[in-house]
């Protein structure tokens with residue numbers, strides 16, 4: 109089930125990924141598998157804390173490492189979704205614009 113898709117901005121890559129208002133995520137840490145559009149996956153889940161900044165949910169720690177390691181840039185797209193197969197697991201698909 110898709111939670112949100114967002115085209116990244118410079119702020120998302122420098123300060124933290126601001127989640128869309130209707131993302132419906134609770135303030136917590138999310139264990140997430142990261143996938144590229146080419147099908148490569150992170151070998152282990154990455155913990156991404158979800159915090160509140162100025163009344164909005166934001167991924168900061170963990171997310172900034174993902175963005176750097178994946179070489180994400182402004183204009184790239186990230187899709188965050190939940191896959192339920194015997195338990196809830198979150199996944200993040202990153203897609204480069206270029």
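In this note's numbering, the protein residues as written are 109 to 206.
Backbone N, C-alpha and C fix where the C-beta goes; we use that ideal spot for every residue, glycine too.
- The three-state secondary structure of residue 172, taken from DSSP, is helix.
- Around the CB of residue 205, fewer than 16 other CB atoms lie within 10 Å, so the residue is classed as exposed.
- Put simply, the backbone Cα of residue 199 is about 24 angstroms away from that of residue 163.
- Note on residue 161: under 16 other CB atoms within 10 angstroms of its CB, so exposed under the neighbour-count rule.
- Ranked by how close their Cα comes to the Cα of residue 124, the residues 191, 182, 192 have 182 in first place.
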